[in-house]
Amino acid sequence: MVKIKINDQNLYAREGENILKLALKEGIDIPHLCYHEIFEEPYGACRLCIVEVIKDDERFITTSCTLQAQNGLEILTQSPEVVKHRKILLELYLAQAPNAENIKKLAEKYGIEKSRFPKRAFVTDHLNGKCILCGLCIRVCGEVMKAGVINYIGRGPSTKINTPFFEENPDCLGCLACVNICPTEAVSAEEVENRKILKSWSETKVKMKECKNCGSLFTTYPLWEKTKSLLMEMDTELEELCPNCKRELLIKKLTKNLPLPKPY
Ligand code: SF4
Ligand code: SF4
Ligand code: FES
């Protein structure tokens with residue numbers, strides 16, 4: 001264990017432990033948008049989780065989601081330097097995602113009424129003026145669901161996220177993991193008749209599967225196929241397990257591969 005200090009709190013941590021995760025566990029509030037426990041590697045995209053670090057004779061600003069615990073680390077989450085940088089970031093996000101309610105609330109908390117930067121939500125209109133380009137939807141689609149339906153398109157100020165060539169993508173599972181993980185509720189989808197429509201992703205449509213008995217629509221076809229093949233793959237693994245271990249393994253595998261609960 002190593003000894004660290006966050007604001008006035010002395011804490012013990014495992015060497016290398018993620019500082020943002022530790023702070024949140026201790027009830028220390030650090031604003032964050034692009035960190036999600038499901039990913040082993042934090043992305044460090046939104047920068048909102050910045051903190052000031054004092055170590056030996058050094059003092060520097062860094063993101064707490066990429067910072068690892070080391071002995072003697074002193075961390076300030078609300079120092080004047082941190083607040084100054086965070087306010088600029090929030091102004092930028094207000095311009096980038098003017099319709100995102102949680103950004104507006106956060107900005108209000110930091111005393112920001114409006115942004116000095118020009119609005120640039122026009123490049124992300126299909127994301128309802130709420131996208132901060134944090135990349136969580138791309139990562140969950142590619143790394144967790146292994147579907148790779150969406151990606152960044154363009155660069156610089158015209159960067160946006162969508163399907164290749166802005167066309168419907170047949171690889172979409174209709175799992176809605178991208179909808180659920182988005183920290184600003186930017187991704188929209190709806191259910192029309194027997195299809196899930198990913199409105200934000202070039203209106204990609206995914207057919208739903210109905211229950212053979214009652215006819216209710218309970219999942220999408222691709223997701224049903226994926227679950228079936230996962231269960232088949234696991235068949236031999238399950239054979240030699242007792243019912244309790246079977247249940248545990250099933251839950252672990254299925255929750256790792258199937259849609260995420262809303263984290264925010
Ligand atoms: S709904 Fe489609 S785009 Fe969204 S995460 Fe699932 S597979 Fe990817
Ligand atoms: S749509 Fe949501 S999850 Fe995807 S990059 Fe934008 S803010 Fe992040
Ligand atoms: S949560 Fe750390 S950079 Fe976004």
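Numbering (our numbering), first residue to last: 1 to 264.
Every residue gets a Cβ at the ideal spot worked out from N, C-alpha and C, and that includes glycine.
Item, Value
"Rounded to the nearest angstrom, what separates ARG86 and PRO118 at their Cα positions?", "18 Å"
"Within the continuous alpha helix (DSSP H) that includes ILE19, where are the two ends?", "19–25"
"Quick check: is any heavy atom of ligand 3 less than 8 Å from the C-beta of SER115?", "no"
"Please list the terminal residues of the continuous beta strand (DSSP E) segment that includes ARG195.", "195–198"
"Quick check on LEU90: does DSSP put it in helix, strand or coil?", "helix"
"So SER79 and ILE19 are in contact, right, with Cβ under 8 Å, and what is the actual spacing, rounded?", "The pair is not a contact, with the Cβ atoms about 15 Å apart (cut-off 8 Å)."
"On the three-state DSSP scale, how would you describe TYR264?", "At TYR264, the pLDDT of 38 sits below 50, so the modelled position is not reliable; the number obtained from the coordinates is stated separately. Three-state result, TYR264: coil."
"What I want to know is whether the C-beta of GLY44 ends up closer than 8 Å to one or more non-hydrogen atoms of ligand 3.", "yes"
"So what's GLN9 in DSSP terms, helix, strand or just coil?", "strand"
"Do GLU167 and SER202 have their CB atoms nearer than 9 Å?", "yes"
"Considering only residues of the same chain and omitting the five flanking positions on each side of LYS5, which have a CB-CB separation below 8 Å?", "LEU11, LEU73, GLU74 and ILE75"
"Roughly how many angstroms separate the alpha carbons of TYR35 and ALA97, rounded to a whole number?", "18 Å"
"Identify which residue in VAL51, PRO222, SER216 and LYS199 has its Cα closest to the Cα of LYS207.", "PRO222"
"Quick one: is the Cβ of LYS84 within less than 8 Å of any heavy atom of ligand 2?", "no"
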